[in-house]
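Residue numbers (full-length UniProt numbering): 1 to 389.
Where a beta carbon is used, it is the ideal one built from N, C-alpha and C, also for glycine.
The structure appears right after this line, and notes come after that.
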């Protein structure tokens, strides 16, 4: 028996709900009460805040225990409740994947550019047709879908802005190296847990725990896509390594060529996505949303949000694949570890990959994910426009 049912009623769950069920309930209720979906409701913000407050308590085992025993007054976070809108973005912004992929930079680069004061310059030059999709000035003529666009003027960046860009790139490389080292250690630890489970006859327990984690990860923003990406990198790298050991290294001639081809294709896809996004931005600037009715405006905004999410996902995925490949390479090419042990680690990676690749969403979860990701994008844009303190 619990002392207070208010938070459970807010999320529409029972006290015995699992962490995954609590997270699903929050996801659903947060979407239902999000202020952006109820612009004419003066109580929308308070309802949304109540949902966030309930989840902040029930998702924390210690706070949940105190709430069940003593009620709301004794279950307040030490630093107080976080702002519902900021918490909404963070909790489903890929944070749950940190141990697997490090920092998920889906929105980080946008924030960095904004902080450096470069966004207006880049946007101005983009409107003049001066930039390629990756933000670099160029004098080339680019062909896309049979159409040719001239980009022969240079983006006008000041000396200070160029130095800031160089500083950003240096910091990005340093952060990447640090993340690779940290992720290598974490993946090695997970692999060790798997190998111990196999050796001790506890694989079923290990798999059950992993499956529970996957159920939670798939609810993250782009969760299913991230699971599949990790699975693909792990399986490809591990399979190539095992094959190279069986063929005494000759298979690297073929797998290396295949990997290079995939890298070229990924680069082309990224550029194509950027070109489509640039085209969409040009179309968006020609639309007067004040002349659209409510239905047309919602449809238009959803379409633009989808395109923005698409290009940010493509950019983040490109960098994330590089990071994960480096992690796998550090583990599989570590000459201080005997070859036999590295083969065992490669097989462990394949096991993890197969579990990740088996993740599925129901049609309802898939639709919720799509709407949720669009709302998260909206929150990110709003946070960028908040005045700096």
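The DSSP-derived three-state label of residue 239 is helix. Distance from the CA of residue 188 to the CA of residue 331, rounded to the nearest whole angstrom, comes to 7 Å. Annotation: residue 360 to residue 17 spans about 21 Å, alpha carbon to alpha carbon.
Using a C-beta cut-off of 8 Å, the stretch 11 to 30 makes contact with the stretch 45 to 57, since at least three inter-stretch Cβ pairs fall below that distance. Counting the other CB atoms within 10 Å of its CB gives residue 196 a total below 16, which places it among the exposed residues. Residue 241 is positioned such that its CB atom lies no closer than 8 Å to that of residue 79. Taking C-beta separations shorter than 7 Å and ignoring five residues to either side along the sequence, the partners of residue 325 in its chain run 233, 237, following chain order. Restricting attention to 321, 174, 355, the CA atom closest to the CA of residue 214 is found in 355. Secondary structure within the stretch 163 to 226: the alpha helix (DSSP H) runs of 4 or more consecutive residues, fully enclosed, are 203 to 217 (chain order). Sequence-distant Cβ neighbours of residue 71 in its own chain, meaning closer than 6 Å and more than five residues away, are 3, 4. Beyond the five residues adjoining it in sequence on each side, residue 184 comes within less than 7 Å, by CB distance, of 327, 330, 331 in the same chain, given in chain order.
Counting only runs of 4 or more residues that sit fully inside the stretch 12 to 71, the alpha helix (DSSP H) segments are 19 to 33, 44 to 58, 61 to 70, in chain order. For residue 191, the closest alpha carbon among the candidates 351, 11, 178 is that of 351.
Judged by DSSP in its simplified three-state form, residue 76 adopts coil rather than helix or strand. Put simply, the backbone Cα of residue 193 is about 8 Å away from that of residue 206. Beyond the five residues adjoining it in sequence on each side, residue 57 comes within less than 7 Å, by CB distance, of 7, 63, 64, 67, 75 in the same chain, given in chain order. Residue state for residue 102 is assigned as coil, using DSSP reduced to three classes.
A direct Cα-to-Cα measurement between residue 341 and residue 349 gives close to 13 Å. Listed in chain order, the non-local C-beta contacts of residue 175 below 8 Å within the same chain comprise 103, local neighbours out to five positions each way being set aside. Following the DSSP letters along the chain, one finds residue 339 inside the alpha helix (DSSP H) bounded by residues 339 to 357. Rounded to whole angstroms, the Cβ separation of residue 217 and residue 97 is 6 Å, and the two are in contact under 8 Å. About 4 Å separates the CB atoms of residue 353 and residue 231; that is less than 8 Å, so the two are in contact.
Of 339, 226, 203, the smallest CA-CA separation from residue 101 is found for 226. Residue environment analysis places residue 34 among the buried positions, since at least 16 neighbouring C-beta atoms fall within 10 angstroms of its C-beta.
Look at residue 6 here: in three-state DSSP terms it is helix. By the C-beta density criterion, residue 295 is exposed, having fewer than 16 other C-beta atoms within 10 angstroms. With contacts defined as CB atoms closer than 8 Å, residue 15 and residue 59 fail to qualify as a contacting pair.
Counting only residues of its own chain and dropping the five nearest sequence neighbours on each side, residue 82 has a CB closer than 7 Å to the CB of 56. In the three-state reduction of the DSSP assignment, residue 336 falls in the coil class, being assigned neither a helical nor a strand state. The straight-line gap separating the alpha-carbon atoms of residue 293 and residue 357 is approximately 42 Å.
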